[in-house]
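Quick note: the sequence shown uses our numbering, first residue 23, plus one each step.
Glycine included, every Cβ here is placed at the ideal spot set by N, Cα and C.
Following: one structure in structure tokens, then a few remarks.
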Amino acid sequence: MPLLLVVVLLFFSSSCSVSSGQYYVSDDCSSVTHNPCNPLSVYAGDMSQYNNSIFYFIGTTNISYYDVNMNAVRNVTLHGLDQACLIGSRSNKRSIHIHNSNHVNISNISVYNLRVIARSSNNITITKSLFNKTEAVKTSFSIKLNNAFDINVSSSVFVHYAVVITYESIPVCSSELPHYSLILTNVTLLNYSKMELSTYHGASYNLSAIFYNYYNILHSFSAFNLGDGFCSFYIKNASFQSVLDFSYPFHINLDKNLKSVECKFPGIQLVSTFVIEDTQFRDNWYGPVIMEDTYLSRTLSNHFITIIMKSCLIANSVRRGLFIDEKFLTSVQINITDTELIGNEANLIVNSNAISLNNVTVATTCSTGLTLEASVVTIENKLKFKHNTGVVGGGLAINDSSQLILTSSANLEFIGNHASYKGGGIYLEETSGSGIILEAPNIPLTLINNSAGIFGDDIYGYTSNHGNNQFNLTNPNISSTGYVREIHFCNVNKNSSYKQIYPGQALKYHIVLLGYDYFGLLNVTDGILEIRDGLTPDSAHTVDHVYARPKPDSKCSLVKYKPNHPPSHVIHTMLFHTETFYSIYWDYIVNECPIGFSVDSSQGRSICSCSQSVSRENVMCNITSLNITHNGLLWIGTYHTSTPFNANATNPNACIINEDCLLYCSPNPVTFQLNDTQTQCVDNRGHRMCGSCRDGYSLLMGSNKCGQCHDNYMMIGWIALFAVMGVLLVVLLIALNLTVSVGTLNGLLFYANIVKLYEPVFSRKGALPALSQVISWINLDFGFEICLYNGMDSYAKQWLQFAFPLYLWIIIIIIIQLCRRYGKISRLMGSHAVPVLSTVFLLSYTKLVCTIVITLHKREITVYCTNESVRSVSLWYEDPNVEYAKGKHAGLFGFGLLLSVVFVIPYTLFLLLNSYYEKYLSNFKIFRKFWSHFKPIIDAYSGPMKDDYRFWPGLLLVARIPVLLSVTLVDSFIQSQHFLLSMLLTVSAIVLSLSHCFGGVYKKRMNNVLEVWFLLNLCIMASLSVAFTDESKLSHMNSFDALIKMLFKKQEEDDDPLLDATESHLTVDQQRRAMVPSSTDYPVSHIRIHVAPMKHFELAFKMFDLNDETQGPRHQWYKLDQKLTIEKFQEFHTLLNTKIYTPDRSVNFEDVKFFDHLMGCLSDIDTALGMYYAAGTSITPAELNEACKAVTGPSVSSHLVDVLFTIFDENSQFQVLISMDLALC
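Right under this line is the structure:
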């Protein structure tokens, strides 16, 4: 009935039409020779009167204000002549409407920005046409065909166009099944075009769609929505190459049914087919995608769909190659035959029940060759996997209850596949019920050169014990294993009933996991273990799941777990359980925290952290390793270090020391255990607070280091040598008359004593050894490191420090007694005996006072005991292993105190107040005899002095005391360096000032000069040390040094740098080698300097140019009305290159030394330039050079003067204001 109605309507419309014929269409008919010719608007209003007509389009036709309506027309052709016809729309809203029409042809026309809409029409043909949307137009354009039957599109191109074809059911069912066609031949979609074809027509008619030579390229895609429509698709010689785009270039969507009219035709089975043959899917984000609509039921009633993919290539897909997701649709069968999947990221089949693979090759896939998830796949013939890679499963991964069914003709090959984890060839997720079903025996299985990072080079999870049929292995030497079936403890110790841990520590178990390999034998594997914790195995509850995997070259896996229990003596059970219900267990106990740790439950878990006795800033405790870590210069350990103990043990009587340690402790971060605290020490020291040497080491004479003694008999030789040296020293003093009575030794001894005391401050590695040795010998020191005997400690060393000066006293006293008894010896000695004795007293004074101070130095430390008691303990500072004034230190303490009372204090007061004694006390009879015995000694010291200044030797002794106490009692030479240098500078300046005020204390002018020279030398050394230690306090060198640092860079990196004031703390002997050098320590080699590049200057300027006005925030030099511009800054850079730095002249050591000398004479230079200063005029380089020569002599460095002048010559006029120059200097 509907078809009859259409025929009647067409008859009446044809009877009302004008006539058949040819018409020409052009916007410019004046240039057209053919007739009739009119614009398209003449015909567009109602084209139903132009049946059986051909419209020839010439030139360009623009549709701006009207649509083309082809309603109920037949045999109408729109044809472009010479392919020059353009139909476009300026309004972006115009369309060609085709409705209820028949035989409408569009050929040889280029269409721009125009919609084509066809509804309820037949026999529409589009050929040799172009549909293009220009980029300037934002509106989308499409060709929409709704229930347009028997469509033929050939040799056409669609650019940024959408072709939407929809088939819906007709209102009334026919008596016979109608057949309609859709044919696309040589059609190209490119540049974001799309083809969307939907079949929702049910069984009302049969649709046959053919795509031949169909090209889907450049970000275009094709979507086929297969509803409950009876149809057949055939795609051949197609190419889908959409490059990189997130859309699916080829998508079959199993869509829902629209519930339209259901037509039934007896004897006809509704089976739709979709065949894809000889088609390539290359270089896409996704290859072919077959998916089901989310809301579709699992069946399509009596409608079945078969999708066949044959002789296709799916290659180089970025995300997925083949992707199938049927969502368990039972009426869909997918067959893939003679197809290659090459170089894709992954290939995935999920939720599919009927997939058949026949002669398929999967190669060079990046993330597993083929992954099955909850799917059933049947192998009909050969399935080959070559050179695929993945994590779990290199070639094939069968997961989520998937089943791989192999028919009798199946053949599997796995060659060169690799899994970074396990299952290089095949991975079977056995725990989810996945499996491989063999429908026949001896199905060929080839496994060659597959590999896995951990387990199962060829197979993981599959064993031949399943089923009666087995594979026929072409290569029987395969590597395989499976999921965990059994677990056992490794190296079980029968004597160990339970483990013991501390809160926060992990229980560690070595467990072997065993699974079945392909042949059904137990083999080592990995897996997930369930951990249960409780008081008994039956009451244990799940607390965690861990992954266990054996280490390389081992069969056992290390399993760790940290229980969360407070300390107790209750036995707990740790149980390990597998998914196959196999269990093993072990008991354990949580003990009290060890020494130095205490329980912390603030984070919700009981864990042993630093105890109160150990806790302080930058101290960390690790209960897992029992390690304690701090940043150095700190000593943490037990009070009784001599008693060995186990760091794992708890000790209620243990006491902890946590004190700063600046002398012999490492300045670097250290990690240690309380039973091995020697890690915190340096110089081979150890024990409590690093106070003594480690076992096997001895304290060396000549330093505070510990070394090894290689020969015990050397002690005899050293003692003999020192005995002889004592005699030789006395003989040398007598023979050369080197005594204090001459007057030349007072300044020298004061200088030598101070320099020796300040050796850790003045000297550094590389100092002259000869000078160091002489100063050491003057101070009665060894001057070199020796091991006197094995086992020597600080206690013995201090006794030896007392021994040598006393030994010299004994020699002199013996000589004096021999002189009294034997006249010949007296005549030989002359009057030198008493002066020599006085000289030895003075030589040994500093040595003895320093030793006494060390002997009497005490340190109070706080001791924290585990029973929560805190007490203070007095220890000997030099060796904290010795209690102060107790035990063996009591004798040393008493002797030091005795020597102080008997010698040091009387000797000091005797020399300081000898004039008072002689003037007032010698008149008393009770003191007269006493004075007569000591007057020769006083005369030996005071003889060279003027009568008013006989106290001067005593004053020098008193001046030694604050310096000596400062050096001896400081904890760190580095941290106290400024204090020590300031103390020395103050004392030296006071003594030098007093000597100058007194106008010379010696009778001889030479003695005054020598003493002033020694004192001045000490002042200079202290001043230079202060200057070179802190760059911010460089006094006169501040400006020059700042410029050098900003504008130049040193090229000789091997020159030793000056000491940095911020340098980290060093040990005593490291400090002795790492201090500021004297002026003689500078390298003589040239210091090459380079001016920084211009771009560095500009970058430096921009860093401070906050408002981008190319002007600095400070005023320009001394001109307070101007700002420093970037142009001046760049000009300054040029002057540096041309004036200061020249390739043939560098700043060398002599220039730097001269500059130092020049800066000390600024006041004299100011006087020499007084005339220019008073007149306020500028000076030239020649005038500055002459002024420097007048002050420093003719050896002035002209080059350095030029350098200084150029630095301050702001305007390049070779003139500088002298006030500015001197101010900056």
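Straight-line spacing of the CA atoms in S502 and C253 works out to 48 Å. The beta-carbon separation of Y520 and I611, rounded to 6 Å, stays under the 8 Å limit for a contact. Taking a cut-off of 8 Å on C-beta distances, the segment 417-437 touches the segment 455-473, as three or more cross pairs fall below it.
For the 7 Å CB-CB criterion, L392 and N375 do not form a contact. By the C-beta density criterion, G537 is buried, having at least 16 other C-beta atoms within 10 angstroms. Distance check between V871 and each of Q634, L828, L986 and I776 places L986 closest, using alpha-carbon atoms only. As computed with DSSP, R341 is found in no beta bridge at all. Taking the Cα positions, N653 is about 21 Å away from V992. Between I118 and D250, the alpha-carbon positions lie close to 30 Å from each other.
Of the candidates G475, A462 and L434, L434 places its Cα closest to the Cα of L469. A distance below 8 Å between beta-carbons, with the five flanking residues on each side excluded, links G67 to the following residues of its chain, in chain order: Y88 and N91. Straight across, the Cα-Cα distance linking D970 with I678 is about 60 Å. For the 7 Å CB-CB criterion, R141 and H125 do not form a contact.
Taking 7 Å as the cut-off, the Cβ atoms of V340 and E367 count as close. Secondary structure note for V506: its beta strand (DSSP E) is the uninterrupted segment V506 to F511.
Counting C-beta atoms within 10 angstroms of its own C-beta, Q823 has 16 or more neighbours from the protein chains shown and is therefore classed as buried.
Here N768 carries a helix assignment [DSSP, helix/strand/coil]. Within the same chain, A774, N775, K778, T868 and K869 come within 7 Å of N801 by CB-CB distance, once the 5 residues on both sides are set aside. Under DSSP, E552 forms a beta bridge with H567 and H599.
In the DSSP assignment, D315 forms no beta bridge with any residue. Annotated three-state conformation of R842 is helix, per DSSP.
Around I187, the same chain offers L167 and L219 as residues with beta carbons nearer than 6 Å, after the five sequence neighbours per side are excluded. L655 carries a coil assignment under DSSP once its states are collapsed to helix, strand and coil. Where Y538 is concerned, the enclosing beta strand (DSSP E) starts and stops at L529 to Y538. With a contact defined as Cβ atoms closer than 8 Å, G475 and G447 miss out at about 13 Å.
Contact check between the segment 742-756 and the segment 978-985: fewer than three CB pairs, one atom from each, fall below 8 Å, which does not count as touching. For S430, the CB contacts under 7 Å within the same chain, skipping 5 residues up- and downstream, are E461 and A462 in chain order. Within the DSSP bridge table, the entry for F619 names C632 as partners.
The C-beta separation of N154 from S132 comes to about 7 Å, placing the pair in contact by the 8 Å criterion. Residue pairing by DSSP places D682 opposite L656 in a beta bridge.
Residue nearest to C512 within the set E402, L467, S579 and F694 is S579 (criterion: CA-CA distance).
Following the DSSP letters along the chain, one finds R881 inside the beta strand (DSSP E) bounded by residues K880 to C887. Secondary structure remark: continuous beta strand (DSSP E) runs of at least 3 residues inside the segment 118-159, in chain order: 124-129, 132-134, 137-149 and 152-154.
Per DSSP, the beta bridge partners of C687 are C703. Using a Cβ distance threshold of 7 Å, S860 and Y1024 do not count as a contacting pair. If you check the CB distance, N238 and F255 do not come in under 7 Å.
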